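The structure appears right after this line, and notes come after that.
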Amino acid sequence: MAPLRFSANVSWLFPELPGLPARLRAAGSSGFEAAEVAWPYSESPEALARAAREAGLRLVLINTPPGDREKGEMGLGAVPGRQAAFREGLEQAVLYAKALGCPRIHLMAGRVPRGADRAAVRSEMETVFLENLRHAAGVLAQESLVGLLEPINTRSTDPQYFLDTPQQAAAILQKVGRPNLQLQMDIFHWQIMDGNLTGNIREFLPLVGHVQVAQVPGRGEPDSPGELNFPYLFQLLEDEGYKGFVGCEYQPQDATASLSPQETQQRA
Numbered sequence: 001m002a003p004l005r006f007s008a009n010v011s012w013l014f015p016e017l018p019g020l021p022a023r024l025r026a027a028g029s030s031g032f033e034a035a036e037v038a039w040p041y042s043e044s045p046e047a048l049a050r051a052a053r054e055a056g057l058r059l060v061l062i063n064t065p066p067g068d069r070e071k072g073e074m075g076l077g078a079v080p081g082r083q084a085a086f087r088e089g090l091e092q093a094v095l096y097a098k099a100l101g102c103p104r105i106h107l108m109a110g111r112v113p114r115g116a117d118r119a120a121v122r123s124e125m126e127t128v129f130l131e132n133l134r135h136a137a138g139v140l141a142q143e144s145l146v147g148l149l150e151p152i153n154t155r156s157t158d159p160q161y162f163l164d165t166p167q168q169a170a171a172i173l174q175k176v177g178r179p180n181l182q183l184q185m186d187i188f189h190w191q192i193m194d195g196n197l198t199g200n201i202r203e204f205l206p207l208v209g210h211v212q213v214a215q216v217p218g219r220g221e222p223d224s225p226g227e228l229n230f231p232y233l234f235q236l237l238e239d240e241g242y243k244g245f246v247g248c249e250y251q252p253q254d255a256t257a258s259l260s261p262q263e264t265q266q267r268a
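So in the UniProt record's numbering, the last one in the sequence shown is 268, and the numbering has no gaps at all.
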């Protein structure tokens, strides 16, 4: 069994450092071989690529743009009436991914529109999402990129997010039926929404292209107080043959500049 490989999510780690290039350098100095970033768009792709190269890092994941944050948007993939904006954001994400040598893009589904009833708009939003995902799969295939769908819990993190369980995401992936679209498993969100982590990991891991971790309920480091047994979960991922990266997407309880990927697993 190959040991797990960890990537530093520099949108969350090293918050004491101002800006993504500095955080990338810190991740490289801490021994990480890979990094991920939610939204790299505040920096030029050339500057980020240079910082990652100098830090000895490869970028393994970015997100599509969130849309208009001031209007409460958090992704556009399933939002009715925002198809053109989603496609524009996808093109921007592809541009960054190519410049950064990043093979995966999280295609953010987005939120149920304000004032709308989730049940009433579910069918329409799924139809929009399927249309956008088919388009995205074609665009990404031209560049040999993979698109990821991430369920985000609606119990504590984002009550309006459209895609919130692995079952919902897997059903959508099956309907789209494109091999370059995969599942993004954030263990924090999966535990809050459904529990049954052993069963869900075993069932859905064949669809998974990326994993992220944080303790529940505080979203801290794996060894912070909480309900998840990370030594068991990490061993389970290894035993099930997971070959991708495990993203460290948590709120550090203290400065993260000294945290190495080995310590991430050992401290669990």
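Glycine included, C-beta positions come from ideal geometry on N, C-alpha and C. Since this is a predicted model, take the numbers as computed values, not measurements.
Counting along the chain, where does the alpha helix (DSSP H) carrying residue i start and finish?
i	result
Phe204	Leu197 to Phe204
Phe234	Phe230 to Asp239
Gly138	Arg118 to Gln142
Leu24	Leu20 to Ser29
Leu48	Pro45 to Ala55
Please identify the residue among the options whose C-alpha is closest to the C-alpha of residue i.
i	options	result
Leu57	Leu48, Asn63 and Glu150	Leu48
Glu203	Pro225, Glu227 and Glu240	Glu240
Arg219	Gly199, Gln253, Val208 and Glu70	Gln253
Ser42	Pro18, Gly31, Ala27 and Ile187	Pro18
Gln215	Glu249, Tyr242, Gly244 and Gly199	Glu249
Tyr232	Leu205, Thr198, His210 and Tyr242	Thr198
Ala93	Glu143, Arg82 and Pro206	Glu143
Arg50	Ile192, Ala22, Pro66 and Glu70	Ala22
Ile192	Leu228, Val10 and Ala8	Leu228
Ile201	Lys175, Pro217 and Phe234	Phe234
Asn153	Leu145, Ala55 and Thr165	Thr165
Leu205	Phe230, Pro217 and Leu236	Leu236
Gly67	Val121, Gly115 and Trp39	Trp39
Leu145	Val128, Leu90 and Gln167	Leu90
Glu88	Asn132, Pro45 and Thr127	Asn132
Asp194	Gln167, Gly81 and Ala137	Gln167
Val176	Pro151, Ala55 and Gly147	Gly147
Thr127	Cys102, Leu173 and Ala141	Leu173
Arg104	Asp223, His210, Pro222 and Pro179	His210
Val139	Glu73, Phe86, Asn196 and Phe14	Phe86
Ser30	Ala84, Gln212 and Ala8	Ala8
Leu13	Val213, Pro217, Pro225 and Asn180	Val213
Arg134	Arg178, Arg118 and Gln251	Arg178
Among all the DSSP beta bridges, which residues are the ones paired with residue i?
i	result
Glu36	Asn9 and Leu61
Ala109	Gly75
Leu183	Leu149 and Val208
Arg104	Val146
Tyr161	Arg111
Val213	Cys248
Quick one: give me the first and last residue of the beta strand (DSSP E) that residue i is part of.
i	result
Val246	Phe245 to Cys248
Ala173	Note that residue 173 corresponds to Leu in the displayed sequence, not to Ala. That residue, Leu173, is in no beta strand (DSSP E); its alpha helix (DSSP H) goes Pro166 to Val176.
Please determine whether the Cβ atom of residue i lies at a distance below 7 Å from any heavy atom of the ligand SAH.
i	result
Pro252	Among the ligands in the structure shown, none appear at all, so the ligand SAH cannot be discussed.
Touch check for the region 27-47 and the region 55-73: three-plus C-beta pairs under 8 Å? yes
The region 153-161 in contact with the region 105-115 per 3-pair CB rule at 8 Å: yes
Meets three-Cβ-pair contact criterion under 8 Å: the region 70-82 and the region 8-26: no
Do the region 184-199 and the region 81-101 meet, that is, are 3 or more Cβ pairs less than 8 Å apart? no
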